[in-house]
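Numbering (the UniProt record's numbering), first residue to last: 1 to 336.
Glycine included, each C-beta is placed from N, C-alpha and C at the ideal position.
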Amino acid sequence: MNKTTTKPMLTMQAWVCQRYGGPEVLALQTRPLPQPGDHEVLIRIHASTVASGDVRVRTLKLPRGFGLIGRLALGFTGPRQPVLGTDLAGVVEAVGREVTSFKPGDAVMGFAGAAMGCHAEYRCLDPRKKPLVLKPAKLGFEQAASLLFGGMTALHYLRKAELKAGEKILVIGASGAVGTAFVQLARHLGAEVTGVCSGANVDLVRSLGAARVIDYRNEDFTQSAGRFDVIADTVGASNFAACCPVLNEGGRYLSVAGGLPDLLARPRGSKRSIGGPAAELPADIQQLARLAEQGVLQPVIDRSFAFEEAAAAHAYVETGRKRGAVLLNFDSLTRA
Ligand SMILES: NC(=O)c1ccc[n+]([C@@H]2O[C@H](COP(=O)([O-])OP(=O)(O)OC[C@H]3O[C@@H](n4cnc5c(N)ncnc54)[C@H](OP(=O)(O)O)[C@@H]3O)[C@@H](O)[C@H]2O)c1
1 MNKTTTKPML
11 TMQAWVCQRY
21 GGPEVLALQT
31 RPLPQPGDHE
41 VLIRIHASTV
51 ASGDVRVRTL
61 KLPRGFGLIG
71 RLALGFTGPR
81 QPVLGTDLAG
91 VVEAVGREVT
101 SFKPGDAVMG
111 FAGAAMGCHA
121 EYRCLDPRKK
131 PLVLKPAKLG
141 FEQAASLLFG
151 GMTALHYLRK
161 AELKAGEKIL
171 VIGASGAVGT
181 AFVQLARHLG
191 AEVTGVCSGA
201 NVDLVRSLGA
211 ARVIDYRNED
221 FTQSAGRFDV
231 IADTVGASNF
241 AACCPVLNEG
251 GRYLSVAGGL
261 PDLLARPRGS
271 KRSIGGPAAE
281 LPADIQQLAR
291 LAEQGVLQPV
301 IDRSFAFEEA
311 AAAHAYVETG
321 RKRGAVLLNF
331 DSLTRA
C-alpha cells in the first residue's frame, strides 16, 4: 500500500488591503509563512507601526500631482503589495545559508520601507538591500519600531539639506512621527530648532529640544517668526513659494509631504526646494540605533493597538492628529 505523507502548510496571520478605501477594506487573512532565501533573514514580528504612509497607501490620498503616478507605482485598484507596514521590531526566526551577520534568536529592528509587508506575523528581509540592525537592548520592541518611519525620513532630509551646527531650522508638523525625529536629530546636529504644532503639543516639542515652539492655530510663522536656513514641512501645510520670504540666502525648503509642484520647483536665487521619497539606507538605521542607544533619540509613542485592532489603529492615524508613532503590538497572537 502506498503511503503519502503531506507536510503541514506553515501559515501566518496578516492584514491585507486589496482595494483602496477606508479602514474597513483591511482584512485579516491566513497566508503562507515566507521562507528565507539564501541571503534573507526571517523575522517574527513583535511590533510595527501604523504610519501615515500606510494610510496614504490604503486610501491612495496622495499629495497634489501624484494621483496617476501613485496608481502606476502602487497598483490601479488596490495596492500591489496588499500587506502594508513599513517597519518592524522582532526576533530572527531563521536565516538563509549565506547570512552571516544575523542568527536565530537575535532581537532586531528593520525597515521594509516602500516594499512594506510588516503587518504580518513574519517578514523576510535581505540585509544587503533593506535596513536591518540588532535592536539596542535598552529599547523594547515597540520603542524600537517607533523610531524607524520618522527617523529614516528625517535623517535622509537632513543629509540632503546639509544642515550645519548653528543654522536655524523650522519644523512644521513637529509633533508627528517625522517631525519629532526632525526636532531631535536637528538639535543633535547643533541647529537651533523652532517647531510648529498645535497648542496641545507645545510641551512635547519643547521637551524634544526645540528652542521655540509656534502654535499654528494662533500664529503664522511667515509673519512673525524671523528667518530660517532650513524649513522642513512634514505635513504639507505650506509650500516653497510661501516659505521663500522667510528663508535666508542659501535656504532649503524640505518638501517632505508636498506635491509635485514643490518637487519640480526651480531654485529661486540661492534658495531651493528638496523633495521626493526618502532613501532606505542600511547606514541610516545603524545611526538611528546608535543615537537611540546613546539616548539622543527618544521614542515618542502616542498609542499602542493590539495586532487584531489594525483597522482601529488606521482610523486613528488617519485623523492626522497623532503624536509621534502609533504601534501595532503582536503580543496578543498566540504562537507555538
Ligand atoms: N517623502 C517621504 O519619503 C516621506 C516619508 C515619510 C513620511 N512622509 C510624509 O510626511 C507626512 C508626515 O508624516 P508623519 O508620519 O509625521 O505624520 P503624523 O505623525 O500623522 O503627523 C501629523 C502631525 O502634524 C501635526 N499637524 C497637523 N497639521 C499641522 C499644521 N497645519 N501645522 C503644523 N502641524 C500640524 C499634527 O498635530 P496637531 O494635532 O497638533 O495638529 C500631528 O502631530 C505624511 O504626509 C507622510 O506621507 C513622506
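Open item on the list: Extract the residue ranges of the alpha helix (DSSP H) inside the stretch 250–291, only unbroken runs of 4 or more that lie entirely within it.
Closed with: Correct list: 260–264.
Task: Contact set for Thr59: own chain, Cβ-Cβ below 8 angstroms, skip 5 residues either direction - done: Residue numbering aside, residue 59 sits at position 59 when the sequence shown is read from its first letter. Same-chain partners within the cutoff: Tyr20, Gly21, Gly22 and Glu318.
Open item on the list: Which same chain residues end up closer than 6 angstroms to Thr4 when comparing Cβ atoms and leaving out the 5 residues on each side of it in sequence?
Closed with: As a first step, residue 4 must be located in the sequence shown, where it is residue number 4. In this prediction, Thr4 scores a pLDDT of 46, lower than 50, which makes its location untrustworthy; the coordinate-derived value is nonetheless stated afterwards. Around Thr4, the same chain offers no residue with a beta carbon nearer than 6 angstroms, after the five sequence neighbours per side are excluded.
- [ ] Output the boundary residues of the alpha helix (DSSP H) element that contains His39.
- [x] Within the sequence shown, the letter at position 39 stands for residue 39. Membership of His39 in any alpha helix (DSSP H) is not indicated, and neither H nor E is assigned to it by DSSP.
Open item on the list: Give me the residue from Val178, Cys243 and Asp284 with the minimum Cα distance to Arg321.
Closed with: For the purposes of this step, residue 321 is taken as residue 321 along the sequence shown, with counting starting at 1. Among Val178, Cys243 and Asp284, the Cα nearest to that of Arg321 is on Val178.
Task: Closest by C-alpha distance to Ala257, when choosing among Gly251, Val246, Ala278 and Ala200 - done: Stepping through the sequence shown from its first residue, residue 257 is reached at position 257. Taking each of Gly251, Val246, Ala278 and Ala200 in turn and checking the Cα distance to Ala257, the smallest one comes out for Ala278.
Open item on the list: Just to confirm, is the Cβ distance from Glu40 to Asp106 under 8 angstroms?
Closed with: Here the question's residue 40 lines up with position 40 in the sequence shown. Here the question's residue 106 lines up with position 106 in the sequence shown. Going by C-beta atoms, Glu40 is not nearer than 8 angstroms to Asp106.
TODO: Return the chain-ordered list of same chain residues with a C-beta closer than 7 angstroms to the C-beta of Val83, the five sequence neighbours on each side being excluded.
DONE: On the sequence shown, residue 83 is found 83 positions in, with the first residue counted as 1. Only Ala14, Trp15, Val16, Met116, Gly117, His119 and Ala120 meet the Cβ criterion.
TODO: Take the Cβ of Ser48 as the centre, count every other Cβ of all protein chains shown within 10 Å, and call the residue buried at 16 or more, exposed below.
DONE: On the sequence shown, position 48 is the one that residue 48 refers to. Buried is the call here.
TODO: May I have the straight-line CA-CA distance separating Ala292 from Pro245, to the nearest angstrom?
DONE: Here residue 292 corresponds to residue number 292 of the sequence shown, with the count starting at 1. Here residue 245 corresponds to residue number 245 of the sequence shown, with the count starting at 1. In a straight line, the C-alpha of Ala292 is about 36 angstroms away from that of Pro245.
TODO: Tell me whether Thr153 counts as near ligand 2, meaning its Cβ is closer than 7 angstroms to at least one heavy atom of that ligand.
DONE: Although ligand 2 was asked about, the structure shown includes only ligand 1 as ligands.
Task: Distance, Leu28 Cα to Ala311 Cα - done: Position 311 of the sequence shown, counting from 1, holds the residue named residue 311. Position 28 of the sequence shown, counting from 1, holds the residue named residue 28. Straight-line Cα distance between these residues: approximately 10 angstroms.
Open item on the list: Comparing C-alpha positions only, which one of Gly78, Arg31, Pro32 and Ile69 sits nearest to Asp54?
Closed with: As a first step, residue 54 is located in the sequence shown; it is residue number 54 there, counting from the start. Answer by Cα proximity: Gly78.
TODO: To the nearest angstrom, report how far apart residue 361 and Thr334 are at their CA atoms.
DONE: Since the first and last residues shown for the chain are 1 and 336, residue 361 lies out of range.
Task: Inter-residue spacing [alpha-carbon to alpha-carbon] between Arg266 and Gly150 - done: Translated into positions along the sequence shown, residue 266 becomes position 266. Translated into positions along the sequence shown, residue 150 becomes position 150. Separation of Arg266 and Gly150 (C-alpha to C-alpha, rounded to the nearest whole angstrom) is 27 angstroms.
- [ ] Could you tell me whether any non-hydrogen atom of ligand 1 is closer than 7 angstroms to the CB of Lys322?
- [x] Reading the sequence shown from its first residue, position 322 is the one you call residue 322. Within the cutoff, so yes.
Task: Outcome for Lys129 when other beta-carbon atoms lying within 10 angstroms are tallied against a minimum of 16 - done: Taking the first residue of the sequence shown as position 1, residue 129 is located at position 129. With fewer than 16 other Cβ atoms within 10 Å, it is exposed.
Task: Nearest-angstrom Cβ-Cβ length linking Ile274 and Ser304, presumed shorter than 8 angstroms - done: Along the sequence shown, one-based indexing puts residue 274 at 274. Along the sequence shown, one-based indexing puts residue 304 at 304. About 33 angstroms; that fails the 8 angstroms criterion.
Task: First through last residue of the beta strand (DSSP E) which encompasses Cys124 - done: The residue you call residue 124 lines up with position 124 of the sequence shown. First-last of the beta strand (DSSP E) with Cys124: Tyr122 to Leu125.
Task: Collapsed DSSP secondary structure at His314 in the structure displayed - done: To locate residue 314, count along the sequence shown from 1; it is residue 314. In this structure, His314 counts as helix in the three-state DSSP scheme.
Open item on the list: For Gly85, which residues in the same chain have their Cβ closer than 6 angstroms to its Cβ, ignoring the five residues on either side in sequence?
Closed with: By one-based count along the sequence shown, residue 85 stands at place 85. Within the same chain, Gly85 has close Cβ partners Ser48, Met116, Cys118 and His119.
Open item on the list: Can you list, in chain order, the residues of its chain with a C-beta nearer than 6 angstroms to that of Val296? Leave out the 5 residues immediately preceding and following it.
Closed with: Here residue 296 refers to the residue found at position 296 when the sequence shown is read from its first residue. Here the set comprises His188.
TODO: Look at the alpha carbon of Lys164 and the alpha carbon of Leu26, and state the distance between them as a whole number of angstroms.
DONE: Here residue 164 is taken as the residue at index 164 of the sequence shown, counted from 1. Here residue 26 is taken as the residue at index 26 of the sequence shown, counted from 1. Between Lys164 and Leu26, the C-alpha separation is close to 43 angstroms.
- [ ] Starting from Cys197, follow the beta strand (DSSP E) in both directions and report where the run begins and ends.
- [x] Within the sequence shown, the letter at position 197 stands for residue 197. Boundaries of the beta strand (DSSP E) around Cys197: Glu192 to Cys197.
Task: beta strand (DSSP E) runs wholly inside the stretch 91–158, at least 3 long, in chain order - done: If we require 3 residues or more, the beta strand (DSSP E) runs fully inside the stretch 91–158 come out as 107–111, 122–125 and 132–134.
Task: Integer Cβ distance of Pro261 from Cys124, believed to fall under 8 angstroms - done: Counted from its first residue, the sequence shown places residue 261 at position 261. Counted from its first residue, the sequence shown places residue 124 at position 124. That pair is no contact at about 38 angstroms.
Task: Gln81 - partner residues in DSSP beta bridges - done: Within the sequence shown, residue 81 is the residue found at index 81, counting from 1. For Gln81, no pairing in a beta bridge is given by DSSP.
Task: Residues bridged to Gln29 [DSSP beta-bridge criterion] - done: Within the sequence shown, numbered from 1, the residue matching residue 29 stands at position 29. DSSP output for Gln29 lists Ala14 as bridge partner(s).
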